[in-house]
Amino acid sequence: MCQAKILLKGEGEQELFLEDVVHLRVDEDTLWLRRLFEEPVSLRGKVLEADFLEHTVTVLPIEESVGS
1 MCQAKILLKG
11 EGEQELFLED
21 VVHLRVDEDT
31 LWLRRLFEEP
41 VSLRGKVLEA
51 DFLEHTVTVL
61 PIEESVGS
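Residues in the sequence shown are numbered from 1 upward in steps of one, following my numbering.
Printed below as a string of structure tokens:
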């Protein structure tokens with residue numbers, strides 16, 4: 001199978017966010033991630049890189065601002 005791992009880029013490191021992702025849809029700054037037989041998960045962020053050999057997608061999360 002060719003499911004992907006979603007990695008979040010942080011300060012000098014990457015953190016695993018979700019495994020076994022079979023579908024990714026980008027809707028402006030929201031990413032919709034779906035695994036087999038599960039409801040979609042949303043994540044606010046920007047896709048930085050998709051590595052098809054490693055089956056990984058690296059995402060820069062968008063932080064919610066408090067107060068403005």
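Backbone N, C-alpha and C define an ideal beta-carbon position, used for all residues, glycine too.
Contact annotation: Leu-8 and Glu-15 have beta-carbon atoms nearer than 8 Å. In this structure, DSSP gives Gly-10 a state outside helix and strand, which the three-state scheme calls coil. Counting of Cβ neighbours within 10 angstroms places Ala-4 among the buried residues, the total reaching 16 or more. Sequence-distant Cβ neighbours of Cys-2 in its own chain, meaning closer than 7 Å and more than five residues away, are His-55. The three-state reading of DSSP puts Pro-61 in strand, counting E and B together. Counting other Cβ atoms within 10 Å of its Cβ, Leu-31 reaches 16 or more and is therefore classed as buried.
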